[in-house]
Amino acid sequence: MKIRKGDKIKVLAGKDKGREGVVSRVIPKEGRIIVDRINVARKHQKPTNQTSQGGIIDKDMPFSASNVQIVCAKCGPTRVGYKFSDAGVKSRVCKKCGGDL
Ligand SMILES: [Zn+2]
């Protein structure tokens with residue numbers, strides 16, 4: 001997975017196409033991510049002892065990481081490349097400007 005928690009992404013497909021958000025969780029096993037305020041499902045929750053209130057709850061649902069692009073601070077939505085430092089440490093770079101992501 002190229003995408004990590006905390007990445008800023010832009011949605012390429014689906015009902016939230018064109019929106020941008022920050023990745024709050026990555027599920028590598030499923031190739032899916034959860035992004036703040038993107039792909040929100042409204043859940044009707046009954047009141048329980050644990051959660052005091054019931055009612056309608058907005059929940060960010062996981063969706064496929066292949067439907068997003070990482071947003072570079074300089075160039076906007078971009079593709080991700082990799083580079084290795086002299087010490088052999090792998091890091092991610094923007095394919096457009098070569099800057100670190
Ligand atoms: Zn860039």
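For the sequence shown, position 93 (counting from the first letter as 1) is numbered 93 according to the UniProt record's numbering, and the numbering increases by one without interruption.
For each residue, glycine too, the CB sits at the ideal point set by N, CA and C.
For G76, the closest C-alpha among the options R25, G21, M1, G55 is that of G21.
About 5 Å separates the CB atoms of V11 and R19; that is less than 8 Å, so the two are in contact. Counting along the chain, K5 sits inside no beta strand (DSSP E), nor does DSSP assign it H or E at all. Inclusion of R42 and I56 in the CB contact set at 8 Å is warranted, their separation being smaller than that value.
The secondary-structure analysis by DSSP pairs G98 with nothing; it has no beta-bridge partner. Under the three-state reduction of DSSP, A73 is assigned to coil, being neither helix nor strand. Between the alpha carbons of V40 and I9 lies a distance of about 16 Å. Under the three-state reduction of DSSP, S85 is assigned to coil, being neither helix nor strand. In this structure, V23 is the residue among V23, I70, D16 with its C-alpha nearest to the C-alpha of G6.
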